[in-house]
Amino acid sequence: DRVNASVSVDLDTPGARIEPEIQGQFAEHLGRGIYEGIWVGEDSPIPNTNGYRNDVLAALKELDIPVIRWPGGCFADEYDWRDGIGPRSERPKRINTHWGGVIDDNRFGTHEFLNFSEMVGAENYVAGNMGSGSPREMAQWLEYMTGSKPTTLVKERQANGRDKPWKVKYFGVGNESWGCGGNMRPEYSADLHRRYATFVKPQPGETVVKVATGANVDDYNFTEVLMREAVNQMDAISLHYYTFVGDWDHKGSATGGGRKEWVSTLSNALHMDELITKHSAIMDQYDPDKRVGLFVDEWGTWYDQEPGSTPGFLYQQNTLRDAEVAALTLNIFHRHTDRVKLAAIAQMVNVLQAMILTDGDKMLLTPTYHVFDMYKPFQGATPYPATIDTPEFSEGGKTLPVVDASVARGEDGQLYLSLVNLDPERAARVATDLKGAATGHILTGPKLDTHNTFDAPDTIKPATYSARPGRDGTLTFDLPAKSVVVVAIR
Ligand code: AHR
């Protein structure tokens with residue numbers, strides 16, 4: 002069973018650059034994300050470099066990760082940065098109240114994070130504590146990390162092993178102030194943002210992008226109030242949106258779903274487009290020149306955590322369905338580059354829609370990892386509008402397009418095309434007006450929940466894919482059901 006679709010591309014109307022940062026990632030002190038997932042310590046039998054596990058580090062380096070957000074999430078608004086500096090054995094032990102009530106002994110702190118980003122080659126996005134910390138603590142943390150003059154804080158950093166300042170490109174003024182970050186009303190959150198952001202001062206000659214904690218999902222009033230009251234004190238505002246199979250109270254299972262769960266999950270993922278459109282329209286009223294970025298700094302699938310895993314650790318499997326969510330979401334970001342300047346998938350390792358899962362010394366790359374790998378050429382690329390003429394299909398009252406597409410010219414001058422076949426059963430033949438020869442990769446699998454396991458870690462991985470031009474020189478693509486393709490067109 003095969004359907005026909007077409008994609009035509011307007012190469013005369015380039016859009017705003019796809020900032021590399023839209024492929025950013027989020028790493029919170031949550032479950033086995035940092036501890037075990039990234040950091041095992043120098044004494045671990047798991048092969049490591051200065052405490053960072055080698056297998057994870059090598060896999061992450063492959064992704065050209067543009068930016069990493071840390072230390073939370075909800076964790077950020079209870080975090081005292083001073084807990085995470087100095088000799089590790091002397092650092093205080095605190096309860097991680099949000100995530101499992103476990104003890105965090107702070108062996109991963111400011112130095113460990115910033116050195117990690119440096120090893121991975123990513124920019125830093127540090128989220129400060131507006132919920133329970135003081136503006137002075139926030140200001141001093143930034144000085145500790147980025148100061149170059151010989152102040153007491155800078156000397157303390159140097160005594161702790163870091164001579165040169167780090168670059169902190171992005172600084173989050175709190176997180177989810179409407180919820181775990183303080184249960185604030187938007188009016189109060191806007192006032193607090195103004196106050197705290199005043200003290201987030203970059204070093205002379207440096208800049209820092211100040212990110213206001215923004216709306217949850219479709220809380221448009223939150224964006225409205227923050228923009229109205231605090232636009233001059235921010236460079237970006239965040240939006241958080243998670244994809245469930247059902248809703249917050251019916252998150253659903255990561256694996257084992259059928260056609261109905263497939264359709265509702267992908268339909269929920271596509272809702273991102275409406276959210277960005279409507280939040281952007283509000284931002285346009287207060288910032289018509291689009292100076293302020295919309296940072297979707299938490300997104301991804303959130304399922305019921307794996308049976309048997311530690312409560313509160315948000316550990317979930319990752320399947321072909323997650324790969325489709327990732328590709329569709331990145332394509333949506335490509336269509337909103339005038340506003341969306343950064344995004345961070347939640348989260349990097351072992352938490353929610355992770356790139357990587359670990360079990361002891363074993364590691365696997367998820368289908369989401371493979372999508373990010375395939376999408377690397379879109380970092381810094383110039384997008385073009387594409388008209389997609391596609392049949393649709395329905396299930397459980399929800400209707401989806403069969404085909405989604407995104408086209409952009411990479412920094413290397415080549416044209417890149419991504420195609421997603423959302424249909425779980427039918428192949429699609431996609432005619433385009435693009436000319437040349439296309440080579441790249443395809444990600445697909447036999448089942449809706451095809452996934453990798455520690456015993457079979459290569460069950461789903463990209464395969465090479467190519468398409469040749471027809472007699473008129475244009476390219477036609479055959480997409481198997483439930484597949485993601487990215488090609489370079491030469
Ligand atoms: O990513 C998990 C949590 O989701 C984050 O800590 C919080 O910001 C959001 O509610």
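Heads up, mature numbering (1 follows the signal peptide of the UniProt record, and there is no 0) is the position in the sequence shown plus 1, with the first residue counted as 1. Even for Gly, the Cβ is constructed at its ideal location relative to N, Cα and C.
Taken in chain order, the complete alpha helix (DSSP H) segments of 4 or more residues contained in the region 43-103 are 55-63.
Taking C-alpha positions only, Asp105 is separated from Ile39 by approximately 15 Å. In the DSSP secondary-structure assignment, Ala432 is bridged to Ser7, Thr477. The C-beta of Tyr189 has fewer than 16 other C-beta atoms within 10 Å across all chains shown, which makes the residue exposed. Taking a 10 Å sphere around the C-beta of Leu12, we find fewer than 16 other C-beta atoms and assign the residue as exposed. The DSSP assignment places complete beta strand (DSSP E) segments of no fewer than 3 residues inside the region 226-258 at 237-244, in order along the chain.
DSSP places Thr440 in the uninterrupted beta strand (DSSP E) bounded by 439-445. Less than 9 Å separates the beta-carbon of Phe109 from that of His30. The beta carbon of Val403 lies closer than 8 Å to those of Val4, Ala6, Thr391, Pro392, Glu393, Phe394, Asn422, Leu423, Asp424, Arg427, Ala429 in the same chain, with the five residues before and after it left out.
Residue burial is scored here from C-beta neighbours: Phe223 has at least 16 other C-beta atoms within 10 angstroms and is therefore classed as buried. Distances from the CB of Tyr243 to the heavy atoms of the ligand AHR include at least one below 8 Å. DSSP, read as helix, strand or coil, puts Glu144 in helix.
Taking all protein chains shown into account, Lys150 has fewer than 16 neighbouring C-beta atoms within 10 Å of its C-beta and is therefore exposed. Between the alpha carbons of Phe172 and Ala128 lies a gap of roughly 6 Å. Between the region 318-336 and the region 41-49, the count of Cβ pairs shorter than 8 Å is below three; the stretches do not touch. Excluding its 5 nearest sequence neighbours in each direction, Arg158 has C-beta neighbours in its own chain below 7 Å: Tyr145, listed in chain order. By DSSP's assignment, Tyr370 forms no beta bridge with any residue. Exclusion of Phe334 from the 8 Å shell around the ligand AHR follows from its C-beta lying no nearer than that to any non-hydrogen atom of the ligand. Within its own chain, the residues whose Cβ lies closer than 7 Å to the Cβ of Thr256, once the five positions on either side in sequence are excluded, are Gln318, Thr320, Asp450, His452, listed in chain order. Leu420 has its alpha-carbon roughly 10 Å from the corresponding atom of Ile389. Beta-bridge partners of His452 (DSSP): Thr320.
Under DSSP, the beta-bridge partners assigned to Ser395 are Thr400. Bridge pairing for Ser484: Asn422, Thr445 [DSSP].
For Thr152, there is no enclosing beta strand (DSSP E), as DSSP marks it with neither H nor E.
The C-alpha of Leu366 is placed about 27 Å away from the C-alpha of His251. Taking each of Val10, Leu476, Asn269, Pro463 in turn and checking the Cα distance to Ala432, the smallest one comes out for Leu476. In the DSSP assignment, Ile35 falls outside any beta strand (DSSP E) and carries neither an H nor an E. Proximity of the region 196-212 to the region 269-288 falls short of the contact definition, fewer than three beta-carbon pairs being nearer than 8 Å. Excluding residues up to 5 positions away in sequence, Ala324, Ala327, Ala328, Leu331, Leu444, Val485 lie with their Cβ nearer than 8 Å to the Cβ of Val372 in the same chain.
For the ligand AHR, no non-hydrogen atom lies closer than 8 Å to the CB of His371. Counting along the chain, Leu276 sits inside no beta strand (DSSP E); it lies in the alpha helix (DSSP H) bounded by residues 260-287. For Gly102, the CB contacts under 8 Å within the same chain, skipping 5 residues up- and downstream, are Ile96, Gly313 in chain order. Each of Tyr197, Asp288, Thr199 was checked against the Cα of Arg229, and the nearest Cα belongs to Asp288. The closest heavy atom of the ligand AHR lies less than 8 Å from the beta carbon of Val352. Within its own chain, the residues whose Cβ lies closer than 6 Å to the Cβ of Ala17, once the five positions on either side in sequence are excluded, are Thr338, Asp339, listed in chain order.
For Leu423, the distance from the CB to the nearest heavy atom of the ligand AHR is not below 8 Å.
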